[in-house]
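The block underneath contains the structure these notes are about, expressed in structure tokens.
There are 2 protein chains.
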Amino acid sequence: MTKTSRRTDKEEHILDCALNVFAAHGFRGATLDQIADEAGLSKPNLLYYFKGKEDIHRRLLSRLLDNWLAPLHQLDAEGDPLTEIRGYIERKLEMARDYPRESRLFANEMLRGAPHIQQDLHALKMLVEEKAKTLRGWMDEGRMARVDPKHLIFSIWATTQHYADFDVQVRTVLGDDGRGDGRFHDAARFLDHLFIKGVSPKT
Amino acid sequence: MTKTSRRTDKEEHILDCALNVFAAHGFRGATLDQIADEAGLSKPNLLYYFKGKEDIHRRLLSRLLDNWLAPLHQLDAEGDPLTEIRGYIERKLEMARDYPRESRLFANEMLRGAPHIQQDLHALKMLVEEKAKTLRGWMDEGRMARVDPKHLIFSIWATTQHYADFDVQVRTVLGDDGRGDGRFHDAARFLDHLFIKGVSPKT
DNA sequence: GGGCAGTTTGACCATATAGTCAAAGCGTCG
DNA sequence: CGACGCTTTGACTATATGGTCAAACTGCCC
Numbered sequence: 003m004t005k006t007s008r009r010t011d012k013e014e015h016i017l018d019c020a021l022n023v024f025a026a027h028g029f030r031g032a033t034l035d036q037i038a039d040e041a042g043l044s045k046p047n048l049l050y051y052f053k054g055k056e057d058i059h060r061r062l063l064s065r066l067l068d069n070w071l072a073p074l075h076q077l078d079a080e081g082d083p084l085t086e087i088r089g090y091i092e093r094k095l096e097m098a099r100d101y102p103r104e105s106r107l108f109a110n111e112m113l114r115g116a117p118h119i120q121q122d123l124h125a126l127k128m129l130v131e132e133k134a135k136t137l138r139g140w141m142d143e144g145r146m147a148r149v150d151p152k153h154l155i156f157s158i159w160a161t162t163q164h165y166a167d168f169d170v171q172v173r174t175v176l177g178d179d180g181r182g183d184g185r186f187h188d189a190a191r192f193l194d195h196l197f198i199k200g201v202s203p204k205t
Numbered sequence: 003m004t005k006t007s008r009r010t011d012k013e014e015h016i017l018d019c020a021l022n023v024f025a026a027h028g029f030r031g032a033t034l035d036q037i038a039d040e041a042g043l044s045k046p047n048l049l050y051y052f053k054g055k056e057d058i059h060r061r062l063l064s065r066l067l068d069n070w071l072a073p074l075h076q077l078d079a080e081g082d083p084l085t086e087i088r089g090y091i092e093r094k095l096e097m098a099r100d101y102p103r104e105s106r107l108f109a110n111e112m113l114r115g116a117p118h119i120q121q122d123l124h125a126l127k128m129l130v131e132e133k134a135k136t137l138r139g140w141m142d143e144g145r146m147a148r149v150d151p152k153h154l155i156f157s158i159w160a161t162t163q164h165y166a167d168f169d170v171q172v173r174t175v176l177g178d179d180g181r182g183d184g185r186f187h188d189a190a191r192f193l194d195h196l197f198i199k200g201v202s203p204k205t
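Read top to bottom, the protein sequences are chains A and B.
In this text, residue positions in the first sequence follow this note's numbering: the first is 3, and each later residue adds one.
In this text, residue positions in the second sequence follow this note's numbering: the first is 3, and each later residue adds one.
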């Protein structure tokens, strides 16, 4: 194990622990002591690896956006519209299930008005622009209903991330009878139905 | 103007200013100095009206939940299912538009795991339970599609509150060409279509 | 062993922030 | 006016927190 790899491993470990803290308490609510504690080292030692609190936070956010947008990238203009949309919803829901900390970190940043990643939001805008065009193409071909494509994307983001960001509320309402990840299965079924057919009765 | 009414007015004004601060920075990120400043009084004066930071925050949250659930209360078992659901979505979207601060305050609290209103969440659970029963009744009568009623409610919450909580993101993606509240009109149209018919092509 | 680069830490500092307190100001009623 | 109660404030305290620094430790190579 080389020195650089050991250092990288340790930085990775610190970032992982910092993510726990930032996701649970927000940027302002998180403290260096908490992060150092979680990572099992002293505060000066933590600051040996990172310049400061902002630095750690920025590092987490910058890597986040790419992963966050990956599922949308996969939306394929060559595929079948409904299949593609279903797939996108499924992937986003899986991310909410498997990476709730990242979802909360992102939600926190948005709630505050994106003070640390305002410029990175441009990439997000461009990607949405591109996929909106794809969706509009499908609509023009009559392969899906004509709806506002950007609001469609918003609603997919909102419904899926809700299960990570509002986890307490969801668990409380569902009763959280130790059913584990069952709620994600139910959510997947529901969202599939909602986005494809809506709630109108069968005719 | 009586003494008590003057005091109440002032308390109301303070709470309003505090809401600005808490919604923008979260509980931990808000400071008493900021709130006092916003309200135009000194910190000791602020603390003459409220016991402390927690006190102000609790007062805001406790009144919030009632207002927040009012639109769901209005969902009427005697009404027409699709009309009732449409109405509920519309009311929730109006709340996101007219009371974004309240939405963000609530989102903040949920993100943190509802540390200050865990017990009040019981009322929310009960109400959802009741309305889920209403929805299930409609499904049994074949007046709407059979879907998981609680997840339906979640998706309405998620999609509407998204416009308040993720406002920066929404504005960035839409281009925010000073179009004012146009996005809410578009969102209303889209959500109506989504929840009623989904995105399947017309057959 | 000795030296060196990389790592770790206790002690410390400056600032921010929740909250206190005694004293002063102010309005109203006699 | 003058006294009384409500309101306001400057000055202060205690604690938390981001960050620094010099010294000590560790493992590795000669």
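Glycine included, each C-beta is placed from N, C-alpha and C at the ideal position.
In this text the structure is predicted, and so the values were computed from the model without any measurement.
Cross-chain neighbours of M167 of chain B in chain A, by beta carbon under 8 angstroms:
Inspection of the sequence shows that residue 167 of chain B is occupied by Asp rather than by Met. Simply A109, M112 and L113.
Out of B:Q171, B:H153, B:R8 and B:R88, point me to the one whose CA is closest to F156 of chain A's CA.
B:Q171
For T162 of chain B, does the count of other Cβ atoms within 10 angstroms reach 16, so buried, or fall short, so exposed?
buried
Rounded separation between G184 of chain A and K127 of chain B - CA only:
Distance between G184 of chain A and K127 of chain B, taken at the CA atoms: about 18 angstroms.
For Y50 of chain B, count neighbouring Cβ atoms within 10 angstroms of its own Cβ and tell me buried if that reaches 16, exposed if not.
exposed
Just the chain A side, please: which residues come within less than 7 angstroms of T161 of chain B by C-beta, in chain order?
S157, A160 and T161
Just the chain A side, please: which residues come within less than 8 angstroms of I87 of chain B by C-beta, in chain order?
V201
Best match in A:P117, A:K204 and A:R173 for proximity to A147 of chain B [C-alpha to C-alpha]
A:K204
Go ahead and pull the three-state DSSP assignment for V149 of chain A.
coil
Using a 10 Å radius around the Cβ and a threshold of 16 neighbouring Cβ atoms, would you call N47 of chain A buried or exposed?
exposed
What are the boundary residues of the alpha helix (DSSP H) that T136 of chain B is part of?
L123 to D142
State the Cα-Cα distance for the pair I198 of chain B and E40 of chain B, rounded to the nearest angstrom.
44 angstroms
Tell me which residues share the same chain as R106 of chain A and place their Cβ nearer than 7 angstroms to its Cβ, disregarding the 5 neighbours each side in the sequence.
A25, A166 and D167
Mind pulling the chain B residues with CB within less than 9 angstroms of L126 of chain A?
Q171, T174 and V175
Tell me where the alpha helix (DSSP H) around Q36 of chain A begins and ends.
Per DSSP, the unbroken alpha helix (DSSP H) holding Q36 of chain A starts and ends at L34 to A41.
Kindly say whether G28 of chain A, judged by its beta-carbon, lies nearer than 8 angstroms to any beta-carbon of chain B.
yes
If I measure Cβ to Cβ from P117 of chain A and keep anything under 8 angstroms in the same chain, skipping five residues before and after, which residues do I get?
E111
Pick from A:K135, A:D150 and A:D18 that is closest to L66 of chain A, judged by C-alpha positions:
A:D18
Using the C-alpha atoms, what's the distance from L21 of chain A back to E104 of chain A?
Rounded to the nearest angstrom, the two C-alpha atoms are 8 angstroms apart.
Pull up the CB-CB distance for V1 of chain B and L84 of chain A, whole angstroms please, since I reckon it's below 8 angstroms.
It is not possible to answer for residue 1 of chain B, since the shown part of chain B is limited to 3 through 205.
By alpha-carbon positions, which one of B:E13, B:H15 and B:E56 ends up nearest to T33 of chain B?
B:E56
H153 of chain B beta carbon less than 8 angstroms from that of A38 of chain A
Contact: no.
Note down the Cα distance separating E131 of chain B from M141 of chain B, rounded to an integer number of angstroms.
15 angstroms
Which residue wins for smallest C-alpha separation from H15 of chain A, given the options A:R114, A:I158, A:P151 and A:L62?
A:L62
Between L123 of chain B and chain A, is the shortest Cβ-Cβ distance under 8 angstroms, so that the two count as touching?
yes
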